[in-house]
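Down below is the structure, laid out as structure tokens.
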Amino acid sequence: MNNDLYAVVGNPISHSKSPRIHSLFASQTGEAVEYTAIQAPLDDFPGTVRQFFERGGKGLNVTVPFKEEAWKLVGRRTERAEKAGAANTLYLDSDGVLTADNTDGCGIVQDLVRNRGVRLDGARILVLGAGGAVRGVLGPILAERPAALTIANRTVTRAQGLVELFTPEAGTARLSACGFDVPRGPFDLIINGTSASLQGDLPPLSPEVIGEQTVVYDMMYSLQTTTFNQWALDQGAQTVYDGLGMLVEQAAESFRIWRGVTPETASVIEELRND
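Written out as structure tokens, the structure reads:
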């Protein structure tokens, strides 16, 4: 029996952990899955997607820099993809229509709440950044009913745009936007949705945003402690996490969408930590 073909598409792509993750999922669940990595030309992402599905591919994950382009390319979008403005999961639906979903928000909530035991209900949350990574996770975070969520970004107008976009689903949460001169602290949870720490850079934040009970979560992941998490530890944060768990959890949700089976994730996260 031939395996069903799946892949992750990006540029660059050689660093991707997705083939390893989905290989572990397939072994665990007994699903007949072959999962590869494809580097798409920067000027022909649509052609890469078309060729993949024409040769019988079943589903694609999409990573930088193509998530927004994937969102525009499809014929249908799930509700969470529509709101996120970006797509990381593509498949053909029962009508044969190319469909987009976004599992990033589900991934971070699963990692925070289920894996880490972080309570979002009633929490005061600070989110750093206002790009596609942040937009993709705001809806699921707000669904957990935090007391307040502040979006801080170098360009304040971008953060204000996200506040306007997500106010209808904020419920009782107080949504606000600001620059990196965050007016109040400390916060219960700080999520770094910028990629700055991968380059060794830091947003110019006051140490006052961090208290003894603050949990810090960097959506980026690294073999070493990320620059942002190290800064947080230096300011007295007791608990810091990187985004490896989010990566595995969003992949598990993609796997569920494609295969109808939800893989177990804790052992996969542990195995990747030990690779």
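Mapped onto numbering that gives the first Met the number 0, the consecutive letters of the sequence shown carry residue numbers 0 to 274. Built from N, CA and C at the ideal position, the CB exists for glycine as well.
Exposed unless 16 or more other CB atoms sit within 10 angstroms - verdict on residue i
i, result
"residue 262", "buried"
"residue 14", "exposed"
"residue 156", "exposed"
"residue 252", "buried"
"residue 213", "buried"
"residue 76", "buried"
"residue 145", "buried"
"residue 127", "buried"
"residue 95", "exposed"
"residue 222", "exposed"
"residue 199", "exposed"
"residue 41", "exposed"
"residue 55", "exposed"
"residue 276", "With the chain covering 0 to 274 only, the question about residue 276 has no answer from this structure."
"residue 264", "buried"
"residue 116", "exposed"
"residue 1", "exposed"
"residue 241", "buried"
Secondary structure of residue i, DSSP reduced to three states
i, result
"residue 9", "strand"
"residue 267", "helix"
"residue 226", "helix"
"residue 213", "coil"
"residue 246", "helix"
"residue 236", "coil"
"residue 28", "helix"
"residue 4", "strand"
Distance between beta carbons of residue j and residue i, contact taken as under 8 Å
i, j, result
"residue 149", "residue 175", "5 Å"
"residue 104", "residue 83", "7 Å"
"residue 30", "residue 258", "5 Å"
"residue 89", "residue 63", "About 15 Å separates the two Cβ atoms, so there is no contact after all."
"residue 268", "residue 247", "5 Å"
"residue 208", "residue 185", "6 Å"
"residue 203", "residue 179", "5 Å"
"residue 17", "residue 60", "6 Å"
"residue 129", "residue 172", "Going by Cβ atoms, the distance from residue 129 to residue 172 rounds to 17 Å, so no, they are not a contact pair."
"residue 141", "residue 122", "Between residue 122 and residue 141 the Cβ distance is about 11 Å, and since that is not below 8 Å, they are no contact."
"residue 190", "residue 219", "Contact flag wrong, Cβ pair sits at about 11 Å."
"residue 87", "residue 249", "7 Å"
"residue 188", "residue 226", "The Cβ separation is near 19 Å, so there is no contact."
"residue 125", "residue 119", "Actually they are not in contact, since the Cβ atoms of residue 125 and residue 119 sit about 13 Å apart, beyond 8 Å."
"residue 51", "residue 91", "So it is not a contact: roughly 11 Å between Cβ atoms."
Check: Can you list, in chain order, the stretches of the alpha helix (DSSP H) that have 4 or more residues and sit fully within the segment 39–119?
Finding: 44–53, 66–72, 78–83 and 103–108
Next item on the list: Decide if the segment 125–141 is in contact with the segment 157–173; the criterion is three or more beta carbon pairs, one per stretch, under 8 Å apart.
Entry: yes
Margin query: Measuring CB atoms only, is the segment 4–12 touching the segment 31–47, in the sense that at least three cross pairs come out at less than 8 Å?
Written below: yes
Check: In the segment 112–189, which residue ranges form an unbroken alpha helix (DSSP H) of at least 4 residues, counting only runs that do not cross its ends?
Finding: 131–141 and 155–165
Check: For the segment 93–113 against the segment 22–40, are there 3 or more C-beta pairs whose distance is under 8 Å?
Finding: no
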